[in-house]
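Colleague:
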Amino acid sequence: MADEAEFDDFVVARSQALIRSAYLLVQDGGLAEDLVQTALTKAWFVWSRIEDPEAYVRRIMTTTATSWWRRRWVRETPAELPLANAPAAAEIEDLAEGQDVWNALGRLPRRQRAVVVLRYVEDRTEADTAHLLGCSIGTVKSQCSKALAKLRLDSSLGPVVDERNLP
Amino acid sequence: MNGPDLRFLAERASALDDRTFERLDEVHARIAASRERRRIGVAVGAAGLVAVLAAGVAILDRGGRENSPAPAPKPTETATVGAGAGGAPARGTCWAVPPKAAVEPTDYFDDSPEVPCSQPHTTETVATFTLAEATEEEADARGGTCYDVVGEYLNIDNESWIHWAAAWYLPSKEQVAAGESWARCDAVIPGPWWSPTGEHAAPARTLTRSALDLADEPPDDLWTCLAEPPTSEQPTIPCDRPHAYEATGTLAALGGISTYPSADVLRAEAQEDCTPAVPKRLAGASVIAGWDPEEGWHSPVLHGVCFVYRANGELLPPR
Chain A
1 MADEAEFDDF VVARSQALIR SAYLLVQDGG LAEDLVQTAL TKAWFVWSRI EDPEAYVRRI
61 MTTTATSWWR RRWVRETPAE LPLANAPAAA EIEDLAEGQD VWNALGRLPR RQRAVVVLRY
121 VEDRTEADTA HLLGCSIGTV KSQCSKALAK LRLDSSLGPV VDERNLP
Chain B
1 MNGPDLRFLA ERASALDDRT FERLDEVHAR IAASRERRRI GVAVGAAGLV AVLAAGVAIL
61 DRGGRENSPA PAPKPTETAT VGAGAGGAPA RGTCWAVPPK AAVEPTDYFD DSPEVPCSQP
121 HTTETVATFT LAEATEEEAD ARGGTCYDVV GEYLNIDNES WIHWAAAWYL PSKEQVAAGE
181 SWARCDAVIP GPWWSPTGEH AAPARTLTRS ALDLADEPPD DLWTCLAEPP TSEQPTIPCD
241 RPHAYEATGT LAALGGISTY PSADVLRAEA QEDCTPAVPK RLAGASVIAG WDPEEGWHSP
301 VLHGVCFVYR ANGELLPPR
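Respectively, the protein sequence lines represent chains A and B. So the first sequence is numbered by our numbering: it starts at 1 and just counts up by one. So the second sequence is numbered by our numbering: it starts at 1 and just counts up by one.
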């Protein structure tokens, strides 16, 4: 079945990248796995009608992650899903400093977090980010602006946020 | 945020185990399970009514019916969020529905005037649904989905909450007679009334801007302040005067539960979830959550609206 083969190829080729984004979005390995699998499952049922599978799946991921009523975003751990391993603390240099930015990212509203992840961590253009999130470039700009303003004010990151390296 | 910060985030995400092939198997298992659920007709869209309770808003009791979960739309049907089709209004269309009718609609066939969103209005279309037949039953079946899309439109989540609701309407009777068959799903901001059971609402507020992303930075007059604990039904009071309880604009959530938690468990959860949201100007204030009531609670997750207050009974200063 052509559709199923294409779907499987997509999962094999792209799901690990999706997991990385999801992990930054929800900051929990198990939830990230759950989020991606949920999005992929939804995509399967409309696969033949999707023009850009990755954009579609990312949109579902973002809207699902920003949906406050979804049970997945409370502190339960899906028992049936093996947890992905977060990296050991000792493996990361400058852990304390990195942990600060991790925590600050986690304090952003999820939609702003999604924009920051796509724009800055994945280094995507505003247009690409807007396409992947299903919103306008203006929305990407405003969400970025709000996110950076919040990061600037985040006491854990210090008084000055260095934006020199930001695109 | 600088270069090392971004590298840290990228490296941390890259260090996740590669579970690609296990994931593929698990996704196919989910697809099979989902197919089976669809085959036996399990409702999948009833979460909207849970959202209603979680938001602490009025359940829009159309025509005085019980607030039972609406049946889900057929799986193949989805909300249209772009330009309306077949005469249906486009997303972002604003309406001057009478304020009382916007929160307690009794007539599904709406002929309220369309107005620019910069002009006073009470509802805003977020999505439209194509119906096989323009009936109240068909429209009600989309109620759960309507709540989902309105929540997304307002950008409601655990970290950004305002008092909100959704309403759904059929075309005017003249349009239906002309062959139009759709339902529109509108965002509504209820008036100044707090109802923990979600049974009552004050007439809808009049806005002069689009409700898109309204929860991101809500205007001051949409903030919720109370004179009494959020466990009781009461009018809200303006936050620019001293008040006893002030919403933090966030939600507490307790998940993975099959029975309604004890008061002790809810207090502990509110303490954990709401405390980080206490504003700096109210440092040291206590927290409490207005939880979804047990009656009408259907979901494995329970939500509460976070409030701050002074345990010694002193009023909070104007916001």
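All residues carry an ideal CB built from backbone N, CA and C; glycine is no exception.
1) For the ligand GDP, is there a heavy atom less than 7 Å away from the beta-carbon of Glu122 of chain A?
2) Could you check which residue in B:Thr125, B:Thr130, B:Ala32 and B:Glu137 has the C-alpha nearest to that of Asp321 of chain B?
3) Report the residue ranges of all alpha helix (DSSP H) runs contained in full by the region 283-318 of chain B; include only those spanning at least 4 residues, in chain order.
4) Would you mind reading off the limits of the alpha helix (DSSP H) that contains Arg7 of chain B?
5) If you draw a straight line from the C-alpha of Arg319 of chain B to the C-alpha of His243 of chain B, how long is it?
6) For a cutoff of 8 Å on Cβ pairs, would you count Gly106 of chain A as touching chain B?
7) Given a limit of 9 Å on CB to CB distance, which residues of the region 39-60 of chain A reach chain B?
8) Please list, in chain order, the chain B residues whose beta carbon lies closer than 7 Å to that of Arg111 of chain A.
9) How should Val308 of chain B be labelled, buried or exposed, when 16 other C-beta atoms within 10 angstroms of its C-beta is the threshold for buried?
10) For His243 of chain B, which residues does DSSP report across the bridge?
11) Between which two residues does the alpha helix (DSSP H) carrying Thr38 of chain A extend?
12) Under 7 Å between beta-carbons, which chain B residues line up against Arg20 of chain A? List them in chain order, please.
13) Against chain A, does Ile31 of chain B count as a neighbour if the rule is that its beta carbon must be under 8 Å from one of theirs?
14) With 16 as the cutoff for other CB atoms within 10 Å, does Pro196 of chain B come out buried or exposed?
15) In angstroms with no decimal places, state the Cα-to-Cα distance between Ala132 of chain B and Ser181 of chain B.
16) Given Val103 of chain B, which residues of its chain have a CB within under 8 Å of its CB, disregarding the five upstream and five downstream residues?
17) Quick check: the region 259-278 of chain B against the region 236-251 of chain B, are there 3 or more CB pairs under 8 Å?
18) Might you give, ordered along the chain, the residues of its own chain that have their beta carbon closer than 6 Å to the beta carbon of Glu6 of chain A, omitting 5 neighbours on each side?
19) Classify Ser136 of chain A: buried if its beta carbon has 16 or more other beta carbons within 10 angstroms, exposed otherwise.
20) Looking at the C-beta of Lys141 of chain A, does it have a partner C-beta in chain B at a distance below 8 Å?
21) Find the residues of chain B that neighbour Gly138 of chain A, judging by a C-beta separation of less than 7 Å, and give them in chain order.
22) Among residues of its own chain, excluding the 5 on either side of Trp44 of chain A, which ones have a beta-carbon nearer than 8 Å to its beta-carbon?
23) How many Å lie between Cys306 of chain B and Arg59 of chain A at the Cα?
24) Identify the continuous alpha helix (DSSP H) that holds Ala268 of chain B and give its terminal residues.
25) Whole angstroms is fine: what's the gap from Ile257 of chain B's alpha carbon to Ile50 of chain A's?
26) Just to confirm, are Thr224 of chain B and His303 of chain B a CB contact at a threshold of 8 Å?
27) Contact criterion: CB-CB distance below 8 Å. Does Asp107 of chain B meet it with respect to chain A?
28) Let me know the beta strand (DSSP E) ranges lying completely inside the region 109-155 of chain B, each 3 residues or longer, listed in chain order.
Modeller: The relevant details are as follows:
1) Absent from the structure shown: the ligand GDP. Ligands present: none.
2) Here chain B covers residues 1 to 319 and nothing more, so residue 321 of chain B does not appear.
3) Listed in chain order, there is nothing to give.
4) Element bounds for Arg7 of chain B: Gly3 to Ser14.
5) The straight-line gap from Cα to Cα measures roughly 9 Å.
6) By this cut-off, Gly106 of chain A is not an interface position.
7) Those residues of the region 39-60 of chain A that come within reach of chain B (Cβ to Cβ, closer than 9 Å) are Leu40, Thr41, Lys42, Trp44, Phe45 and Val46.
8) Near Arg111 of chain A (Cβ distances below 7 Å), the residues of chain B are Asn155.
9) When all chains shown are included, Val308 of chain B counts as buried.
10) DSSP lists B:Leu316 as the bridge partner or partners of His243 of chain B.
11) First-last of the alpha helix (DSSP H) with Thr38 of chain A: Gly29 to Trp44.
12) The contacting residues are Ala13, Ser14 and Leu16.
13) Yes - at least one Cβ of chain A is within 8 Å of the one on Ile31 of chain B.
14) Note on Pro196 of chain B: 16 or more other CB atoms within 10 angstroms of its CB, so buried under the neighbour-count rule.
15) In this structure, the CA atom of Ala132 of chain B is about 7 Å from the CA atom of Ser181 of chain B.
16) Apart from the 5 residues on each side of it in sequence, Val103 of chain B sits with its Cβ closer than 8 Å to the Cβ of Ala58, Leu60, Ala165, Ala167, Val188, Pro190, Gly191, Ala201, Ala202, Pro203 and Ala204 in its chain, given in chain order.
17) As far as the Cβ criterion goes, the region 259-278 of chain B touches the region 236-251 of chain B, which means the pair count is three or higher.
18) Around Glu6 of chain A: no qualifying Cβ.
19) Answer is exposed; the Cβ neighbour count stays below 16.
20) Nearest CB-CB separation between Lys141 of chain A and chain B: not below the 8 Å threshold.
21) Among the residues of chain B, none has a CB under 7 Å from the CB of Gly138 of chain A; the nearest is roughly 11 Å distant.
22) For Trp44 of chain A, same chain residues with a beta-carbon under 8 Å away, outside a window of 5 residues either side, are Phe7 in chain order.
23) Each residue's Cα considered, the two are about 29 Å apart.
24) Unbroken alpha helix (DSSP H) run through Ala268 of chain B: Ala263 to Cys274.
25) One Cα belongs to Ile257 of chain B, the other to Ile50 of chain A, and the distance between them is close to 36 Å.
26) It is not a contact, given that the beta carbons lie outside the stated cut-off.
27) Taking 8 Å as the CB threshold, Asp107 of chain B stays off the interface with chain A.
28) Correct list: 123-130.
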